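Down below is the structure, laid out as structure tokens.
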Amino acid sequence: MTQCISARFLFVTILISLTAHIALGQFSNRYPKVDTYRHHIYLEAFEFPFYSNGPVSPVASPDGKTIAFSAFGWIWIYDKSQKSASRLTNSGEMDFLPTWSASGDQIAFVRDTGRETFLLIVDKAGNEVVKIDHANSSELDPYFSPDGKYLYYSSSVEGTFDIWRYEFVEGKSERLTAVNDGMELRPVPFGMDGSYFFISKSEGVADRIKLYDGRNKTTATIDEGRILSQLWIDTNAAGDQLALNWSNTLT
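All residue numbers in the sequence shown are consecutive under the working numbering, ending with 259.
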């Protein structure tokens with residue numbers, strides 16, 4: 009009986025020790041911490057860049073002649089007339105999510121070092137034009153404004169993901185939104201009055217697609233749903249049509 013009790017005591021002791029080690033080893037964050045999002049593993053898994061063997065995040069140039077996309081950690085350009093793709097970037101880091109300027113002579117994308125993300129704008133030869141990199145933060149979701157004056161993006165530099173805008177003439181960034189209970193991601197500007205769609209996420213609250221109206225400076229919810237991970241949106245230049253992936257349905 010004594011041996012049986014001793015064996016059980018030893019088993020319980022080992023189990024408690026293992027449980028403590030597992031608890032200490034739980035995932036916290038690999039990239040700079042976002043204060044308003046508790047489960048960083050989901051944030052980094054679903055909202056950050058990912059490596060792919062095949063082409064992902066394709067986007068057509070304004071003239072429709074070429075397509076930029078991500079693959080194997082680089083940005084590529086596919087020439088529709090030549091039916092061939094050439095590599096635009098050649099870094100040792102991971103480049104993801106290209107987007108064209110309205111003129112078609114520049115491409116912005118996310119560069120991921122494995123510990124942080126920042127934004128680069130390059131010309132069609134791959135030469136760096138602008139780098140947007142706030143200290144101790146992550147930058148995501150670049151998108152040029154239709155008038156070519158701004159690059160919209162999201163950044164966690166203030167402790168949470170907010171919508172920011174980089175102005176090319178002055179070379180300065182300004183924060184457009186400020187939340188203390190969630191994140192705001194993927195700004196999609198349209199028109200010439202400063203309007204843009206974006207995604208708002210808060211734990212325990214429905215994820216929302218919102219519209220900031222630059223004419224009357226108001227924000228309205230367009231649609232909402234529960235845990236809309238990897239939700240992407242886009243719009244036409246007029247902003248009267250919105251394309252998005254909603255769960256398993258293309259809308």
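The beta carbon of each residue, even a glycine, is placed where N, CA and C say it ideally should be.
All of these numbers come straight from a predicted model, not from anything done at the bench.
Close beta carbons around residue i, own chain, < 8 angstroms, minus the five adjacent residues each side
i: T243; result: V196, F198, F205, Q249, L250 and A251
i: W84; result: P63, A76, F77, S78, A93, S94, R95 and L96
i: K91; result: none
i: L159; result: A116, L127, I129, V138, I140, P150, Y151, F152, S153, R173, Y174 and F176
i: K88; result: G72, K73, T74 and I75
i: A245; result: P154, F198 and G199
Closest residue to residue i among the options (Cα-Cα distance)
i: D103; options: L51, S60, D71 and T74; result: S60
i: Q238; options: N188, D221, T229 and I217; result: I217
i: L51; options: L236, T227 and K157; result: L236
i: K157; options: D149, S146, Y174 and L148; result: Y174
i: G291; options: V213, I207, T229 and M200; result: One cannot answer for residue 291 here, as it falls past the ends of the chain, which runs 9 to 259.
i: E55; options: S89, T121, K132 and E147; result: E147
i: G222; options: G233, H48, T185 and G212; result: T185
Close Cβ partners of residue i (< 7 angstroms) along its chain, the five nearest in sequence each way excluded
i: M191; result: V42, T44, Y45, T168, F169 and K209
i: D189; result: T44 and S210
Continuous beta strand (DSSP E) stretch holding residue i: start and end
i: E147; result: E147 to F152
i: K79; result: Reading off the sequence shown, one finds Ala at residue 79, where the question assumed Lys. A79 -> beta strand (DSSP E) spans T74 to A79.
i: P195; result: M191 to F198
Terminal residues of the alpha helix (DSSP H) in which residue i lies
i: Y50; result: H48 to F54
Nonlocal neighbours in the same chain, by C-beta distance under 6 angstroms from residue i, ignoring five residues either side
i: D231; result: I217
i: W172; result: Y161, S163, S181 and R183
i: T121; result: E101
i: P66; result: I75 and F77
With 16 other Cβ atoms within 10 Å as the buried cut-off, status of residue i
i: T226; result: exposed
i: T229; result: exposed
i: E124; result: buried
i: R194; result: buried
i: S203; result: buried
i: I30; result: Summary for I30: the model assigns pLDDT 46, below 50, so the residue's position carries little reliability; its value from the coordinates is reported in the next sentence. Its Cβ having fewer than 16 others within 10 Å, I30 is exposed.
Exercise for review: Determine contact between the region 72-83 and the region 36-51, defined as no fewer than three beta-carbon pairs at a distance below 8 angstroms.
Suggested key: no
Review point. Is the region 97-117 close to the region 60-70, with three or more CB pairs under 8 angstroms?
Key: yes
Practice item. Count the CB pairs spanning the region 92-102 and the region 111-121 that are closer than 8 angstroms, and state whether there are at least three. Key: yes
Exercise for review: State whether the region 121-129 contacts the region 179-191, with contact taken as three or more CB pairs (one from each stretch) at a distance under 8 angstroms.
Suggested key: no
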